[in-house]
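Okay, structure first, notes after.
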Amino acid sequence: MEILTGNELMSGATVYLDSAGTWVEELQKARVFGKSDLEAKEAAIAATKRTGRINSLEVETVTVKDGRIVPDRLREHIRATGPTAPVFDRQHLDEDGHVSI
Amino acid sequence: MAQTSPLKFAQSQPDHARAGAIMALNGMFDDMDALGVLRHAVTELLPADLAIVSSFGADSVVLLHIVAQVDRALPVYFLETGKHFVETLAYVETLKETLGLSNVVALRPDPRDIARFDPDGTLWETDPDSCCHIRKTEPLDATVSGFGGWVTGRKRFQTTERGVLPHFELTSDDRIKVNPLAYFSDADITTYKLKYGLPEHPLYNMGYKSIGCAPCTSVVAEGEDPRAGRWRGLNKKECGIHFDFNGAIAKPMAAQELNLYKDGKFIADPFRAWAEGDDPGSVRYTHIPLPVFLANREAVLANPHPVGLLVSPGDNVELVRDDLGRFASVAINFPGFTDGRGYSSARLIAERYGYQGELRAVGDVLADQVPLMARCGITTFLVRHEPTKKALADGKLATVDLFYQPVGKTEVPVGTRPFLRRAVEKV
Amino acid sequence: MYRYDEFDAAFVRERTQQFSDQVRRRLSGDMSEDQFRPLRLMNGLYLQLHAYMLRIAVPYGTVSSRQMRMLAHIARSYDRGYGHFTTRQNIQFNWPKLRDIPQILADLASVEMHAIQTSGNCIRNITTDQFAGAAADEIIDPRPVAEILRQWSSLHPEFSFLPRKFKIAMTGATTDRAAIRFHDIGLQATTNDLGEIGWQVWVGGGLGRTPMIGKLLSGYVAHEHLLAYLESTLRVYNRYGRRDNKYKARIKILVHEEGIESIREQVEAEFAEVKGGVLTLPQAELDRISAYFAAPQYELVNARSVDVAREKILNPFYGRWLERNLNAHRQPGYVSVTISLKPVGGAPGDATDTQMEVVADLAQRYSFDELRVTHEQNLVLPHVKVTDLPAIYEVLVKNGLADGNAGQITDIICCPGLDFCALANARSIPIAQELTRKFESPERQAEIGDLKIKISGCINACGHHHVGHIGILGVEKKGTELYQITVGGDATEKAAIGDILGHGFVAEEVPNAIERLVNTYIARRESPAEPFIAAYRRLGKEPFKEALYGAN
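Chains as they are written, first to last, in my numbering: chain X, 38 to 138; chain L, 9 to 435; chain S, 3 to 554.
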């Protein structure tokens with residue numbers, strides 16, 4: 038399974054595409070694309086690119102365990118929560134950082 | 009009309025001797041000897057194989073007056089597009105009568121084309137290129153094939169892209185174009201008209217300086233380029249008949265947008281890109297890729313037409329150092345803006361080899377690289393990126409005009425340090 | 003220090019305005035991210051894992067008190083109260099917002115600083131010996147020439163889109179503290195037969211995926227021809243460097259593939275055309291720039307040695323700090339002081355806004371307003387009177403900056419790694435933290451002596467792992483971070499690339515693996531005077547391989 042993630046233009050904050058087509062901060066709200074959602078995923082990527090507001094757009098593989106989205110890569114865990122050493126909170130979106138497709 | 013030419017034009021290979029002979033004619037006549045040029049063409053070069061196309065526009069009377077002095081029976085084709093001002097149609101009759109022209113032939117568009125492509129007569133509005141094509145190019149194509157040469161009323165001054173225009177030209181399909189008025193200026197035309205008391209086009213004094221079909225012609229303001237009134241606002245400059253500089257009569261120049269930034273403004277590009285199958289010995293207004301030039305050096309050097317050189321990343325400009333003077337234009341290709349090899353090529357060509365002609369950037373030419381290119385000696389920019397065009401057109405390029413390096417030939421020293429430079433003027 | 007004149011100030015101001023316009027066009031949609039990226043990179047703006055990162059140039063590592071205070075201001079106002087000093091003698095901020103960047107650049111411009119060419123495929127910040135102008139072993143202060151190179155390379159129109167980035171390092175001393183053999187071009191001050199000072203030019207050194215030691219391109223280039231020589235070298239690289247593969251685009255690959263003789267031939271041919279032209283550096287200009295770097299008005303004091311042994315008894319912490327963190331100065335009665343940014347359990351190279359201000363105050367009061375950033379991610383007070391050391395130490399202690407560990411096992415170079423960096427494959431800061439905890443004991447560190455550990459979180463080697471006496475490279479294998487250990491690297495004039503001795507270790511095993519290497523060294527060294535790297539050279543790989551992986 039896959040999610041779409043990227044960094045918002047203004048703040049650079051890590052964001053995820055949710056089911057409503059909005060780019061949000063919370064990994065757990067991310068829309069999970071299954072194998073049969075290929076077209077929807079491609080459409081979402083294309084629509085996102087058209088906004089010009091999400092950089093470093095990536096498809097990340099995840100597994101869903103007990104209803105929670107768990108990224109396969111350590112990198113994504115760190116992106117979701119912030120640096121582990123020294124520990125810092127992740128970057129947050131500003132007022133004007135909300136992007137929808 | 010389809011007369012057989014006394015010259016055999018159907019050769020597959022360009023005849024360099026012939027090309028050379030034609031080019032040599034250009035030295036035979038005084039710049040302003042339009043009559044001599046036309047007489048030679050009619051009597052010596054292409055007897056009974058020469059025709060003229062006239063728009064019967066504001067300046068047409070001068071050429072037609074010269075024609076009348078040489079041969080009143082010379083075929084004069086007039087494109088009856090169906091879109092002319094009534095004043096133009098009246099003017100045709102006036103000139104036939106005044107000058108005694110006995111062989112004026114109206115060429116009309118194929119009714120089937122009109123029915124198919126322009127049933128309601130508004131094609132000029134939506135697609136002026138296609139409108140010109142069916143009303144001008146197609147009717148002419150059929151006729152032109154019957155003649156070995158054409159007389160045109162083109163003048164060097166008319167538009168920027170006509171900067172170099174000889175009396176005699178050999179086109180890529182081996183026809184001869186005769187341009188008796190090549191060296192005439194706007195003032196020469198006016199003087200000539202006054203001297204012989206020639207009738208003006210009725211619209212001329214109403215402010216129309218270049219007159220074509222009614223829908224696509226507007227009044228030209230005082231001091232404006234006379235042709236600025238044609239296709240005003242339609243981003244189109246040549247109708248595709250006169251020429252695209254590359255051949256005789258060609259397809260409409262769909263790409264004839266004003267993409268070439270030169271001397272502070274955008275103009276149409278007289279050059280076109282090299283295409284597969286082009287012949288380096290006979291192309292004109294084409295940038296010949298450097299490796300093609302090297303492989304065909306003799307042929308290119310013998311090519312009588314204005315040609316350019318295309319320098320791409322990886323090309324060794326050292327190898328053409330001594331031949332650069334042959335080219336009217338050298339294009340530095342930036343296939344992607346992150347490939348910076350072109351900057352070195354440009355500096356070598358402009359600074360070290362002292363190339364004096366037009367040095368232009370083509371390819372991925374973007375606003376933020378234009379200042380760097382300019383510093384490296386590039387003077388002309390073929391721009392396709394719209395925001396870049398806008399920034400250049402508006403003079404709003406964000407630049408740093410102070411330089412820490414002595415680069416190029418135009419920057420001037422400034423400040424106390426020996427290397428410091430600043431721009432002479434904005435790009 | 004160099005001071006901007008009107009031209010420099012106007013240049014940076016125009017550049018700042020230009021970038022503001024570029025940001026505006028990006029936000030308006032006139033520019034795509036693909037078009038914007040190279041431009042923002044040329045202004046030091048990256049997009050990392052969590053946020054943007056702004057890298058600010060500290061030309062040849064020299065910074066004034068006023069500038070350091072501005073960096074503190076930026077940390078506090080636009081970031082999260084800290085900055086990270088890098089192995090390129092720069093500083094980077096990890097959390098700025100795009101909209102603030104133009105203002106940050108304007109703030110920097112007000113103190114004669116910028117972020118120009120701290121990234122991108124252009125000539126990067128020119129680095130040098132952190133003790134330049136102070137060191138006792140110096141032939142010439144490299145900073146005037148470094149400043150001239152900075153100017154020449156700033157927004158060079160021909161060299162703004164090179165095949166890849168281009169790093170120049172230089173040293174005027176006999177001991178190489180600037181790792182010049184591991185740069186695209188390394189400049190080493192030297193003298194010719196007439197005794198005139200000029201530059202040896204080394205080319206094609208580098209770390210990363212394919213570590214290479216630089217090769218001698220020219221044995222002597224006079225000051226006046228240096229710009230022409232470098233322009234010639236850069237032109238050869240710009241024209242012929244590979245662009246088909248980003249991993250093979252550095253000049254080291256060109257030198258490697260074509261051979262140093264061929265490159266030298268090409269550079270010399272180009273140099274023959276350029277030499278004696280507009281790039282000739284007049285002596286008057288060199289003199290004028292050199293005047294900015296004239297020695298400060300030292301007090302004439304008697305040479306005074308510090309009785310470290312006595313101080314160690316009185317206050318072991320202070321004594322060890324004296325022993326490790328001072329460097330011999332050319333002026334009698336003065337020393338250069340290294341301020342360690344490597345506290346136990348800290349992130350190497352990080353300093354808080356308060357620490358930056360404290361250090362700025364110290365520099366103003368005790369070091370003629372001047373500070374240095376080292377490529378080993380520490381700070382330096384270059385010109386300190388020996389008699390001022392106790393007062394300085396006291397302030398450092400109060401602000402967590404008094405670690406007396408310079409050059410020791412806990413003075414670790416470390417890249418930001420996977421905690422911040424978009425390129426990284428593994429974390430590196432946690433490894434550094436664990437190692438400093440493991441070797442926390444000052445007595446233990448003293449027993450080990452000089453030992454440089456360098457950690458990178460990916461093959462790009464920002465943490466210089468190839469040239470660590472012990473190098474640690476983080477890689478990712480099947481979702482797990484693994485750490486490859488190399489031994490025997492050396493960044494100095496005895497340049498060497500570390501040897502890989504075997505398979506990698508998971509993070510938890512790394513501290514013990516390092517300890518086994520250290521114990522082997524201690525057991526096998528000739529005497530405590532034989533440092534780790536010398537012992538490794540003498541003993542060879544085998545004992546260390548056995549330490550890591552056991553006997554066969």
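In this text, a Cβ means the ideal position worked out from N, Cα and C, and glycines have one as well.
Close Cβ partners of residue i (< 7 Å) along its chain, the five nearest in sequence each way excluded
i: arginine 429 of chain S; result: Gly419, Leu420, Asp421, Gly459, Gly476, Glu483
i: leucine 131 of chain L; result: Phe125, Ser138, Cys139
i: isoleucine 386 of chain L; result: Ile340, Ala354, Leu367, Arg368, Ala369
i: serine 34 of chain S; result: none
i: proline 350 of chain S; result: Leu343, Lys344, Gln379, Ile414, Ile415, Cys416, Ala434
i: arginine 326 of chain S; result: Gly406, Asn407, Ala408, Gly409, Gln410
Residue i, buried or exposed, once every other Cβ within 10 Å from all chains shown has been counted against 16
i: glycine 436 of chain L; result: No information on residue 436 of chain L is available, as it lies outside the stretch 9 to 435 that chain L covers here.
i: lysine 400 of chain S; result: exposed
i: valine 14 of chain S; result: buried
i: isoleucine 142 of chain L; result: buried
i: glutamate 8 of chain S; result: exposed
i: lysine 185 of chain L; result: buried
i: asparagine 304 of chain S; result: exposed
Interface partners of residue i on chain S, CB under 7 Å
i: glutamine 413 of chain L; result: Trp154, His158
i: serine 48 of chain X; result: Ala53, Lys99
i: arginine 127 of chain X; result: His52
Interface flag, residue i vs chain L, CB-CB below 7 Å
i: arginine 241 of chain S; result: yes
i: proline 284 of chain S; result: yes
i: phenylalanine 370 of chain S; result: no
i: arginine 1 of chain S; result: Residue numbering for chain S in the displayed model covers 3 to 554; residue 1 of chain S lies beyond these limits and cannot be assessed.
i: valine 205 of chain S; result: no
i: alanine 171 of chain S; result: no
Neighbouring residues, chain S, relative to residue i (Cβ below 8 Å)
i: threonine 407 of chain L; result: Glu16, Gln20
Listed by chain order, chain X residues near residue i by CB distance under 8 Å
i: alanine 349 of chain S; result: Ala122, Pro123
Cβ of residue i within 7 Å of any chain X Cβ
i: phenylalanine 441 of chain S; result: no
i: glycine 31 of chain S; result: yes
i: phenylalanine 9 of chain S; result: no
i: aspartate 421 of chain S; result: yes
i: glutamine 486 of chain S; result: no
CB contact check: residue i to chain S, cutoff 7 Å
i: arginine 162 of chain L; result: no
i: valine 435 of chain L; result: The predicted model places valine 435 of chain L with a pLDDT of 42, which falls under 50 and marks its position as unreliable, so this point remains unresolved.
i: methionine 38 of chain X; result: no
i: threonine 56 of chain X; result: Here residue 56 of chain X is serine; the residue named in the question, threonine, does not match the sequence. No, its Cβ sits nowhere closer than 7 Å to a Cβ of chain S.
i: glycine 89 of chain X; result: yes
i: serine 137 of chain X; result: no
Own chain residues within Cβ distance below 8 Å of residue i, not counting five before or after
i: arginine 329 of chain L; result: Tyr361
i: leucine 33 of chain L; result: His48, Leu53, His175, Phe176
i: glutamate 359 of chain S; result: Met70, Arg71, Ala74
i: glutamine 413 of chain L; result: Phe427, Arg429
i: threonine 438 of chain S; result: Lys344, Pro345, Val346, Gly347, Gly348, Thr412, Ile414
Same chain, Cβ closer than 6 Å to residue i, neighbours up to 5 away in sequence not counted
i: glutamine 24 of chain S; result: Leu41
i: phenylalanine 168 of chain S; result: Ile125, Asp186
i: glycine 350 of chain L; result: Ile340, Phe342
i: alanine 224 of chain S; result: Gly200
i: threonine 12 of chain L; result: For threonine 12 of chain L, the predicted model reports a pLDDT of 37, less than 50, meaning its position is unreliable; a value from the coordinates is still stated below. Closer than 6 Å at Cβ, skipping near neighbours: no residue.
Within chain B, partners of residue i - CB distance below 7 Å
i: glutamate 263 of chain S; result: Among the chains of the structure shown, chain B does not appear; the protein chains present are X, L and S.
Partners in chain L for residue i, counting only beta-carbon separations shorter than 9 Å
i: proline 545 of chain S; result: Going along chain L, no residue has its Cβ under 9 Å from proline 545 of chain S, so there is no contact; the nearest lies around 48 Å.
Under 7 Å by beta carbon: chain L residues contacting residue i
i: glutamine 105 of chain S; result: Within chain L, no residue comes near glutamine 105 of chain S; the closest Cβ sits about 17 Å away, beyond 7 Å.
Listed by chain order, chain S residues near residue i by CB distance under 9 Å
i: glycine 71 of chain X; result: Chain S residues near glycine 71 of chain X: none, gap ~21 Å exceeds 9 Å.
Run through the stretch 347-432 of chain S for me and flag every whole alpha helix (DSSP H) of 4 or more residues, listed as ranges in chain order. Listed in chain order, they are 355-368, 391-400.
Please give me, in chain order, every unbroken run of the alpha helix (DSSP H) with length at least 4 that falls completely inside the stretch 75-122 of chain S. Fully enclosed alpha helix (DSSP H) runs of 4 or longer: 103-111.
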